[in-house]
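Trainee:
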Amino acid sequence: MELKEEKHWEGGKDWKEKKHRDGGKDWRDNGHDPYFHEHGYTRLAIPPGHYPPPGGCRVWYPGRPAGHQPPPGDCYRMRAKVPPGTWLIRHPRDRADHVHVIVYDDYRPGIVRVIGEFDIGTGVFVDFVLDR
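Its first residue numbered 1, the sequence shown is counted upward by one per residue in full-length UniProt numbering.
Okay, structure coming up:
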């Protein structure tokens, strides 16, 4: 049986073609060039059932198939143990249709590079919460 590697993020032309906006402005117009756009992560490709429940979190390893990711858990406990170079997907209780993707620095443990908000239904990047 051959294992097919799943893509967890889709990027590229979609951002330019759909002209997604941040507060009515293109993200390039307001001086921001967030991690997600620099790396082509304009759309999450996480299968249904793999998002954490509302109020929960999940560590996500880029390039690893969805079924090989660690299970979701308590955000408070997980934040203290996020490995460098991974993402922490947080599902806010008050935003049932969105998740926050918290990107941790590749080399400095505990350092957050950027936080982006994505729509669960479409996977589309909505906004950035923090851009360093």
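Just so it is clear, CB atoms sit at the ideal spot from N, CA and C, and this is done for glycine as well.
On the CB-based measure, 16 or more other CB atoms within 10 Å of its CB, does Y107 come out buried or exposed?
Mentor: exposed
Trainee: Would you give the residue range spanned by the alpha helix (DSSP H) that H37 belongs to?
Mentor: 35 to 38
Trainee: Would DSSP call H100 helix, strand or coil?
Mentor: strand
Trainee: State the start and end residues of the unbroken alpha helix (DSSP H) segment that holds R79.
Mentor: 75 to 79
Trainee: What is the residue span of the beta strand (DSSP E) that R58 lies within?
Mentor: 56 to 60
Trainee: For P70, which residues of its own chain have a beta-carbon under 6 Å away from its beta-carbon, when the five flanking residues on both sides are left out?
Mentor: V59
Trainee: Can you tell me whether G67 is helix, strand or coil according to DSSP?
Mentor: helix
Trainee: Given I115, which residues of its chain have a CB within under 6 Å of its CB, disregarding the five upstream and five downstream residues?
Mentor: Once the five neighbours on either side are set aside, the close Cβ partners of I115 are H100, I102, V129, L130.
Trainee: For H50, which of helix, strand or coil comes out of DSSP?
Mentor: coil
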